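Protein sequence lines correspond, in order, to chains X and S. Residue numbering for the first sequence follows my numbering, beginning at 6 and increasing consecutively. Residue numbering for the second sequence follows my numbering, beginning at 6 and increasing consecutively. For each residue, glycine too, the CB sits at the ideal point set by N, CA and C. Quantities reported herein were computed from a predicted structural model and do not represent experimental measurements. Report on the structure given below.
Number of protein chains: 2
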Amino acid sequence: MPSPLQKARQDPESMKARILAAARRIFGRFGFHGATTRIIAQEVGIDISTLYYHWGDKNDLYQAVIYDISDDLGRQLARVEKKIHGRPLAERLDIALGMMTDYLFEHPEVSNLILLRYFSKTRAELTWDHKVPEFASGIARSMGLAGEDGPVSTEAKMRVMGMMMAIYNFVAGEEFLRSMLDTDQETYRSQAKQTLRFLLIPAFVQDQEQRRGSAPADDT
Amino acid sequence: MPSPLQKARQDPESMKARILAAARRIFGRFGFHGATTRIIAQEVGIDISTLYYHWGDKNDLYQAVIYDISDDLGRQLARVEKKIHGRPLAERLDIALGMMTDYLFEHPEVSNLILLRYFSKTRAELTWDHKVPEFASGIARSMGLAGEDGPVSTEAKMRVMGMMMAIYNFVAGEEFLRSMLDTDQETYRSQAKQTLRFLLIPAFVQDQEQRRGSAPADDT
DNA sequence: AAAATTTTCCAATAAATGATGGAGAAAGCA
DNA sequence: TGCTTTCTCCATCATTTATTGGAAAATTTT
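Here it is in structure tokens:
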């Protein structure tokens, strides 16, 4: 039998799925404490008790949202990995950055929710999902920062996390940065992508060149 | 006559100052909606109405906190700028990153509050302070990304913001990243600094070399 | 020391918020 | 069609939260 989340995903028109989608937006915009079950229900256009009927209490709904975006993100990362497999590093980075920023700009609540979870604490105890470490290790491997199997160094994980967080920043911070820079959406998004390329690619490329110099490794 | 904030800063033992300090910590940890006046008062060990007596309503207090950390940050940036003035780019970046990370790790609520303001929306309307654009421009100039006076390009501002946000990330995300990487505080902080150097310095240095190649400029 | 002031706390209020019970509508099934 | 199950809403409750009035305590001023 399918889990509640799978069920909600199967039919995006179902009430469960519509509530989940609204919850993503509202939790993403205001954070856990800033979002209220009333606002979410209002966003869907239903009574508040219908929401409770489908999802249990606020914590349960929030957990479902976190799980849902985490799942989405995993899929997207898999898509990226498939696309960049076998290419040289600079190209891998270029494509990966482009695909990830495009994806995240289309689902802004993902970046928001992830960053809010990284940075701010909730007064209710909520269990962590442990997918992030796996994600980070996966990315590190597909970037050639670690062997295809075996452990990934802390150093590599931190570099990957720094890169991911930088992307989230420009997506989640769009409203703020745009008001600061006074640009329209299209310009901003294109410039954000460019800035990310500027900031992140040279570090990894240069690192690879140096490692190649001292200990030659094969790179397609 | 001194403003309320200046007054609070003058005597750190004053009730006003103690409340402000607690508010920084609590707002920083839980965000605007997650923090309650009760928790803040409790943190100081006073009755909740004493808090209202000194700072007015919750919004006022929050504004004061934002203003306060913004002010702090400005001072720190001035200190950094003084220190790095006249040095070559790579060294400037190295010192600036070190000083900023050290400072922010000692005042973790600063990074938290700044990022929360960038990313999440408050349901209460709160006025923005407009110091960030000035900060960004100042940093851009002191990094040689723009002339000593005259306007700073959007491109340069975005690069600077990306750099600043990256630092905030590793500070505000310490708890999360440490639990993910399973390291102690000292190791983490040192590795975070190293990672920031790794990620950020090559981009700017390489950029300078390229610009020097096409249009030679003097750099001390 | 008496008076004036500032500061602090207790108690209370109004509004917002998370959550539920139960009646009726809608949908599935016999 | 009638019966059962699922779903939705209204009304309501308990708790939390922001906020205030006013008395008592502490401090300053005269």
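**Item:** Neighbour-count burial assignment, S/Ser-195, 16 or more Cβ in a 10 Å radius
**Value:** exposed
**Prompt:** Looking at S/Leu-121 and X/Ser-125, is the spacing between their C-beta atoms short of 7 angstroms?
**Reply:** yes
**Asked** In chain S, what lies closer than 7 angstroms to X/Val-137 by C-beta?
**Response** Met-185
**Prompt:** Touching or not, the segment 57 to 77 of chain X and the segment 129 to 137 of chain X, by the rule of three or more beta carbon pairs under 8 angstroms?
**Reply:** Segments in contact, yes.
**Request:** With S/Lys-87 as the anchor, note down where its alpha helix (DSSP H) starts and where it stops.
**Result:** 63 to 89
**Prompt:** Could one say the Cβ of S/Leu-120 lies closer than 7 angstroms to chain X's Cβ atoms, at least one of them?
**Reply:** Look at S/Leu-120: its C-beta is under 7 angstroms from a C-beta on chain X.
**Message:** Give me the residue from S/Arg-34, S/His-59, S/Arg-216 with the minimum Cα distance to S/Leu-25.
**Reply:** S/His-59
**Message:** For S/Leu-186 and X/Met-163, which I take to be in contact (beta-carbon distance under 8 angstroms), what is that distance rounded to the nearest angstrom?
**Reply:** 7 angstroms
**Message:** Taking beta-carbon pairs under 8 angstroms, can you tell me which members of the segment 156 to 171 of chain S lie near chain X?
**Reply:** Thr-159, Glu-160, Lys-162, Met-163, Arg-164, Met-166, Gly-167, Met-168, Met-170, Ala-171
**Message:** Does any residue of chain S have a CB that is nearer than 7 angstroms to the CB of X/Gln-211?
**Reply:** yes
**Message:** Measuring only the C-alpha atoms, how far is S/Gln-81 from X/Phe-37?
**Reply:** 32 angstroms
**Item:** Contacts that S/His-38 makes with chain X (C-beta to C-beta distance below 8 angstroms)
**Value:** Phe-35, Gly-36, His-38, Gly-39
**Item:** Listed by chain order, chain X residues near S/Thr-127 by CB distance under 8 angstroms
**Value:** Phe-35, Gly-39
**Request:** Give the residues of chain S in contact with X/Ala-197, contact being defined as C-beta atoms less than 9 angstroms apart.
**Result:** Going along chain S in sequence order, the residues near X/Ala-197 (Cβ under 9 angstroms) are Met-163, Gly-167.
**Residues near X/Gly-103 by beta carbon distance below 7 angstroms, same chain, minus five either side** = Lys-198
**Request:** Establish whether the CB of X/Leu-78 and some CB of chain S are separated by less than 7 angstroms.
**Result:** no
**Prompt:** Using the beta-carbon of each residue, which ones in chain S are nearer than 9 angstroms to X/Thr-188?
**Reply:** Against chain S, the beta carbon of X/Thr-188 has neighbours under 9 angstroms at Thr-159, listed in chain order.
**CB of S/Ala-171 within 7 angstroms of CB of S/Ala-161, strictly** = no
**Request:** Give the residues of chain S in contact with X/Asn-117, contact being defined as C-beta atoms less than 8 angstroms apart.
**Result:** By Cβ distance, chain S contributes Phe-124, Ser-125.
**Prompt:** Are the CB atoms of S/Ser-116 and S/Val-49 nearer to each other than 7 angstroms?
**Reply:** No. Outside cutoff.
**Request:** Using a threshold of 7 angstroms, state whether the C-beta atoms of S/Tyr-173 and X/Gly-178 are closer than that.
**Result:** No. Outside cutoff.
**Request:** Assuming S/Thr-55 and S/Ala-69 form a contact by the criterion Cβ under 8 angstroms, report the distance between their Cβ atoms to the nearest whole angstrom.
**Result:** Between S/Ala-69 and S/Thr-55 the Cβ distance is about 15 angstroms, and since that is not below 8 angstroms, they are no contact.
**Prompt:** Does the Cβ-Cβ distance between X/Ile-53 and X/Ile-44 come in under 7 angstroms?
**Reply:** no
**Cβ-based neighbour list, X/Leu-205, same chain, cut-off 6 angstroms, excluding 5 preceding and 5 following** = Met-168
**Prompt:** If we call anything under 7 angstroms between Cβ atoms a contact, is S/Gln-215 one with S/Leu-94?
**Reply:** no
**Prompt:** Would S/Phe-110 count as contacting chain X if we go by Cβ distances under 7 angstroms?
**Reply:** no
**Asked** Would the C-beta of X/Trp-133 count as close to the ligand SAM, meaning under 6 angstroms from any of its heavy atoms?
**Response** The ligand content of the structure shown is nil, which means the ligand SAM is not present either.
**Prompt:** Does any CB atom of chain S fall closer than 7 angstroms to the CB of X/Asn-174?
**Reply:** yes
**Message:** Just to confirm my understanding: we take X/Arg-34, look at its own chain, exclude 5 residues before and 5 after, and list those with CB closer than 6 angstroms. What are they?
**Reply:** none
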